[in-house]
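In UniProt numbering, the protein residues as written are 2 to 320. The C-beta atom is built at its ideal place from N, Cα and C for all residues, glycine as well.
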Ligand code: F6P
């Protein structure tokens with residue numbers, strides 16, 4: 002019987018559990034033994050492999066986080082740690098390793114591939130910043146969480162006539178800020194990809210204030226600036242009252258949306274389908290509405306930047 006191991010690595014993201022469930026149940030359906038690895042690459046190094054059953058992934062699809070736990074393993078980046086991981090995969094007779102995670106996790110899988118281990122990566126991160134794929138599992142849930150939070154913040158900002166600055170996650174990318182900004186009708190969106198001069202933002206605020214708009218929502222991607230620094234600059238330049246909310250881990254957890262669980266279930270199943278065809282060392286990716294598989298070296302060359310037309314649209318609509 003061939004063996005698949007599955008792990009989650011890097012930041013947790015809603016929908017990861019649905020991927021684990023799909024890999025386990027589809028794997029078992031096709032006659033594989035499926036092992037769960039605890040704490041990502043850290044667990045590989047420690048030999049933390051556990052045989053999974055249909056039952057062991059019951060009741061998890063609706064939860065955020067990852068039942069396998071996750072880690073950003075520093076040990077795996079060392080020569081000794083990597084060698085230990087290889088040794089453990091061989092000692093447990095693992096034929097295929099499915100890695101659920103972001104860019105860093107894919108780099109780890111690609112390194113294992115070079116060392117002769119067959120791997121498949123399923124994209125999971127709230128940031129949607131992965132090369133090779135237009136979608137990463139967890140993004141939709143995070144967007145909806147930001148939208149819900151901003152809707153609440155807006156009530157208070159409007160009641161008190163304040164400039165509400167909301168700092169959102171995204172690592173060095175602005176996907177969350179941009180799409181949530183469009184969805185919630187933010188007056189300004191600050192992104193690392195398209196630096197907006199704070200003087201311009203203040204002019205815009207003053208202009209809309211003079212037209213009778215007495216409160217505003219500004220979304221700041223963590224990759225461009227700290228919300229508190231932006232607030233300081235805005236209140237110094239405009240004298241408007243500001244308030245900062247750093248959404249933080251609120252936007253990383255929570256029950257996955259239908260979109261995330263559907264894509265997660267399909268991508269987890271696609272990982273097993275590719276294994277069945279021995280089409281390994283591939284990223285399961287979302288391209289133009291389709292689930293495809295592409296080799297890691299092709300994936301890393303396909304950068305996933307922000308869509309500038311959406312940024313322009315958000316600017317036009319924010320009046
Ligand atoms: O990748 C997900 C993410 O939440 C990023 O948006 C953020 O920059 C980073 O992880 C924070 O990482 P940590 O797990 O160390 O808090």
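Neighbour-count burial assignment, residue i, 16 or more Cβ in a 10 Å radius
i           : result
residue 286 : buried
residue 106 : buried
residue 157 : exposed
residue 40  : buried
residue 37  : buried
residue 262 : buried
residue 2   : exposed
residue 250 : exposed
residue 79  : exposed
residue 111 : buried
residue 299 : exposed
residue 125 : buried
residue 145 : buried
residue 152 : exposed
residue 143 : buried
residue 213 : exposed
residue 15  : buried
residue 130 : buried
residue 75  : exposed
residue 81  : exposed
Proximal residues to residue i (C-beta, below 8 Å), its chain only, five neighbours per side dropped
i           : result
residue 304 : 132
residue 246 : 150, 154, 165, 166, 167, 168 and 228
residue 50  : 6, 36, 37, 38, 44, 89, 93 and 95
residue 219 : 164, 165, 166, 167, 187, 188, 189, 190, 191, 202, 231 and 235
residue 314 : 183
residue 275 : 121, 281, 283, 285 and 294
residue 237 : none
C-beta atoms of residue i and residue j nearer than 8 Å
i           : j           : result
residue 206 : residue 192 : no
residue 19  : residue 189 : no
residue 93  : residue 32  : no
residue 67  : residue 104 : no
residue 17  : residue 138 : yes
residue 272 : residue 123 : yes
residue 62  : residue 26  : no
residue 34  : residue 4   : yes
residue 100 : residue 248 : no
residue 102 : residue 173 : no
residue 1   : residue 254 : Beyond the ends of the chain as shown, which are 2 and 320, falls residue 1; an answer cannot be given.
residue 117 : residue 42  : no
residue 87  : residue 8   : no
Nearest candidate by alpha-carbon position, reference residue i, set the options
i           : options               : result
residue 316 : 184, 72 and 17        : 184
residue 97  : 114, 203, 177 and 76  : 114
residue 256 : 127, 37 and 35        : 127
residue 252 : 61, 181 and 275       : 181
residue 308 : 176, 72 and 218       : 176
residue 89  : 230, 6 and 312        : 6
residue 225 : 91, 310 and 170       : 170
residue 30  : 284, 277 and 76       : 277
residue 55  : 291, 212 and 28       : 28
residue 310 : 198, 275 and 194      : 194
residue 291 : 268, 275, 302 and 274 : 268
residue 161 : 83, 274 and 244       : 244
residue 221 : 302, 196 and 237      : 196
Contacting residues, own chain, Cβ-Cβ under 7 Å from residue i (five flanking each side not counted)
i           : result
residue 85  : 46
residue 289 : none
residue 159 : 216
residue 135 : 287, 288 and 305
residue 282 : 114, 119, 120, 296 and 297
residue 239 : 203, 206 and 207
residue 280 : 294
residue 266 : 19 and 23
residue 223 : 168, 169, 170 and 171
residue 58  : 21, 22, 25 and 26
Cut-off 6 Å between Cβ atoms - residues of its own chain near residue i, not counting five sequence neighbours on either side
i           : result
residue 200 : none
residue 141 : 258, 260 and 261
residue 242 : 163
Residue i Cβ short of 7 Å to the ligand FMN heavy atom set
i           : result
residue 185 : Ligands present in the displayed structure are limited to the ligand F6P, and the ligand FMN is not among them.
C-beta neighbour in chain D for residue i, strict 8 Å
i           : result
residue 278 : Going by chain labels, chain D is absent from the structure shown, which holds only one protein chain.
Quick one, what's near the ligand F6P if you take every residue whose CB is closer than 7 Å to any heavy atom, in chain order?
-> Counting only residues whose CB is nearer than 7 Å to a non-hydrogen atom of the ligand F6P, the list in chain order is 11, 12, 73, 103, 126, 127, 128, 170, 171, 172, 223 and 253.
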